[in-house]
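In terms of my numbering, the sequence shown opens at residue 140 and continues consecutively.
Each residue gets a CB set at the ideal place from its N, CA and C atoms; glycine is no exception.
To start, the structure itself, in C-alpha cells.
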Amino acid sequence: MECRSALLVLSSLFILSGCDKVNDLPIGKGFTAKYLCSYLFNSELDQSLVTKRFIAPKVQPLPLIWDIDVDHNTKTVRVADRIFLNESLAAKAIHREGMGCTVLVDKTVDDIAAHTITPLAPPVLPTSTPWPHGTAGLTHEVIPGLDIDRVNAAVTSAFVEPEEAPRNTTSLLVAYNGKLIAEQYDLGVNANTPLLGWSMTKTLSGTLIGILSDRGVIDIDDPAPIPGWAGTEKANTTTRDIVHMTSGLDFNEDYLGFSDVSHMLYRESDQIAYTASRELIHPAGTHFNYNTGDANLLAKIVHDAVGGTAQAAYDFYQTELFHKVDIRSAFIEVDTTGQFVGGAYGFMTARDWARMGQLYLQEGLWNGEQVLSSEWVNYVSQPSPVTDEYGGQLWLNSRGMDWPNVPHDAYYFAGHQGQRVVIIPSKNIVVVRTGVTEDYDYIGLDGVISEIIAALP
C-alpha cells in the first residue's frame, strides 16, 4: 500500500509538470549526479548555482523530491529521491583525475578501479605570450581597421538575458587572424575553467579518426571494426558511414524522457555495447541520423586502434592532438568500462576550444607541424553525400538556415545547450560560445557573429 501511494504521488508530480513519463526519474537522477559531479570537480563551479540554475530546469519535477549528497573527500555525488528510498535506485557518480566523472551504473568504485590512468603533464606555455601559443590571453597588438569597441559590444550582448528564457552564456571568445581579440566570462567561469563541450566532443573524435587515417592506421572505407558486427548485417558499415552519421542504426537523439541517448549516457554501464546492438533500420550510407551513438563508435575505433586500454587512448589523444596544439586542459570522460565517451563528454577551457577551432581554420597546421592533414579538414568541412547541413562530425552553415547573416562557408562544432566553436575561413575568424541554454532560439549567435564580422577591417 505504501509503495502504491508513493507511485501515485510521483505520478501526480510528473503529470502536473507536463510529463507523464515516470521512467524519466532514473535518467533525471543519473543526469543530476553526472552533471553535478562534473561541474563541481572538473569545473569547480558553485554547487548552488549549478543545481538551481543549470540542472533543476532540465529535470523538473525531480527537484521537488531529490536528495543530493556530495562527498568532497571521495569526490562522489549521490542523488536519490525522498519517495523511493531503496538505495539501489540512487544514482552515483565519481570523479577520477584525468578521467573526469563516471556514472556508476550497476557498478561499484571497486568494479571500475581497473580502468584508471596516470595523467600526463601538460605542455608548458610561456606566460608572457598571448594566445594561442602562450597563456597571456588577449593579443597586445593594435590591429589596423579593427573596431574593437564594436567587437566587445557584440560579445557583451551575448550575455544579456532575454525576458523569454534563460540564456546562461558562460563564455564568448573571438580570434581573428590567429590572435585572440576578445573574451568574456560569466556565472563563475573564467579562462581557466574546463567546460563541457557536450556534442562538440564528436568533432574531437572525428579529428582523432582523421589523424589515424592520415597515418594509414585505419582505412575509413573498410568495414568499421566494431565488436560483434562481423558476419552480421552491419558488417558492411564503414567507418566513413559512421563519420557522416549514416550508420543506419536505430538511435533516438531527442534527449526527451527515455530516449536512446539519455538511456545510453545515464543508464548504461557499457555505452559502446548498447550502441553497437541497436537495430539496423537503414542501409549504411543512405540515411542521415545525427546521434551520439555513432560518435561513440568512432571513439571505440580510436580506443582499439591505439592499444585498447583507457591509458593508451588517453595518451594518444593527449600527445598526438591536444599537446601538439598547445591545449593543456583537455580530457574526455569515460564510462565504467574505461572507454572515453567520444560523443558527449569532452572538457577543456574556452581558450582551448578556440585552439581546436584555430587548428581547423589553419587546415590542420600548428607551429609548422601538420597535426591533421588539410585533406581531412577539407573533407569533413564539406557536405556529406546525403545532407548538405553536415559534413564529418561537423555542422555546416552551407544554406544559412541557422545563421542567415553569417557567411555560408562557416562550419562549426556544436554541443547541447548551445556550445559552439564556429570557424569562418572567408573571414579568418573563430568564435567560441559556451553556456547552458535550453531554448536554442535565444542563443543569439547569428546577430553576435554578424556584428563581429562588421567590425573587422
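Residues bridged to residue i (per DSSP)
| i | result |
| --- | --- |
| W492 | Per DSSP, none; premise fails for W492. |
| D210 | T215 |
| A314 | L319, V569 |
| V473 | F479 |
| Q509 | L504 |
Short Cβ contact (7 Å threshold) for residue i with residue j
| i | j | result |
| --- | --- | --- |
| A230 | V248 | no |
| S401 | I166 | yes |
| V519 | G503 | no |
| T609 | I582 | Absent from the structure is residue 609, since the part of the chain shown begins at 140 and ends at 596. |
| G554 | H547 | no |
| I588 | V570 | yes |
| N435 | Q410 | yes |
| L511 | G345 | no |
| A489 | V290 | no |
| D399 | I420 | no |
| F479 | A444 | no |
| H272 | G477 | no |
| F486 | L335 | yes |
| W505 | V464 | yes |
| D244 | S408 | Contrary to the premise, residue 244 reads as Val rather than Asp in this sequence. Yes, the pair counts as a contact, with Cβ atoms nearer than the cut-off. |
| L437 | G481 | yes |
| G284 | P596 | yes |
| A423 | D353 | no |
| S182 | T332 | yes |
Residue i versus residue j: straight-line alpha-carbon distance, rounded
| i | j | result |
| --- | --- | --- |
| K373 | T425 | 13 Å |
| L312 | G367 | 43 Å |
| D393 | T431 | 11 Å |
| L351 | L498 | 17 Å |
| E528 | F223 | 45 Å |
| A314 | M403 | 36 Å |
| N162 | F397 | Note that N162 has pLDDT 47, beneath the 50 cutoff, so the model's placement of it is unreliable and no number is given. |
| L584 | T308 | 11 Å |
| T526 | G370 | 29 Å |
| I592 | Y456 | 33 Å |
| R552 | L533 | Reading off the sequence shown, one finds Phe at residue 552, where the question assumed Arg. Distance between the alpha carbons of F552 and L533: 6 Å. |
| G586 | V545 | 8 Å |
| D286 | S267 | 25 Å |
| P543 | K191 | 34 Å |
| G447 | K439 | 9 Å |
| N316 | Y413 | 43 Å |
| S227 | A172 | 14 Å |
| D361 | N375 | 8 Å |
| I563 | N517 | 13 Å |
| D541 | S310 | 20 Å |
| I597 | I233 | The displayed coordinates of the chain run from 140 to 596. Any statement about residue 597 would go beyond what the structure contains. |
| S565 | V294 | 20 Å |
| G276 | L500 | 19 Å |
| I194 | C176 | 12 Å |
| D578 | D491 | 26 Å |
| L460 | P258 | 15 Å |
Per-residue burial, residue i [other beta carbons within 10 Å of its own, 16 or more giving buried]
| i | result |
| --- | --- |
| Q509 | exposed |
| S338 | buried |
| K168 | buried |
| L201 | buried |
| L147 | With a pLDDT of 46 at L147, under the threshold of 50, the modelled position of that residue is not reliable, and the figure given next carries that caveat. Under this definition L147 is an exposed residue. |
| S513 | exposed |
| D250 | exposed |
| A252 | exposed |
| K160 | Bear in mind that the predicted position of K160 carries a pLDDT of just 35, short of 50, making it too unreliable to give a figure here. |
| V198 | buried |
| H442 | buried |
| T458 | exposed |
| D580 | exposed |
| S150 | The pLDDT assigned to S150 is 46, lower than 50, so where the model puts this residue is not dependable; a value taken from the coordinates is nonetheless given after this. Counting Cβ neighbours within 10 Å, S150 comes out exposed, since fewer than 16 surround it. |
| T342 | buried |
Enclosing alpha helix (DSSP H) for residue i [first to last residue]
| i | result |
| --- | --- |
| T342 | 339-353 |
| A451 | 449-456 |
| A444 | 431-444 |
| F223 | Here F223 belongs to no alpha helix (DSSP H), and DSSP marks it neither H nor E. |
| T171 | 163-180 |
| G586 | 584-593 |
| Q532 | Where Q532 is concerned, there is no enclosing alpha helix (DSSP H), given that its DSSP letter is neither H nor E. |
| N291 | 287-296 |
Closer than 6 Å: residue i CB and nearest the ligand FAD heavy atom
| i | result |
| --- | --- |
| T476 | Looking for the ligand FAD in the displayed structure turns up nothing, as the structure carries no ligands at all. |
Contact with chain B by residue i, beta-carbon distance below 7 Å
| i | result |
| --- | --- |
| G482 | Looking for chain B here will not work: only one protein chain is present. |
Span of the beta strand (DSSP E), counted from its first residue to its last, around residue i
| i | result |
| --- | --- |
| F193 | Segment: none, F193 is in no beta strand (DSSP E) and carries neither H nor E. |
| H234 | 230-235 |
| I562 | 558-563 |
| G239 | 239-242 |
| M403 | Unbroken run through M403 is the alpha helix (DSSP H), 399-406; no beta strand (DSSP E). |
| Y550 | 550-554 |
| M487 | 485-487 |
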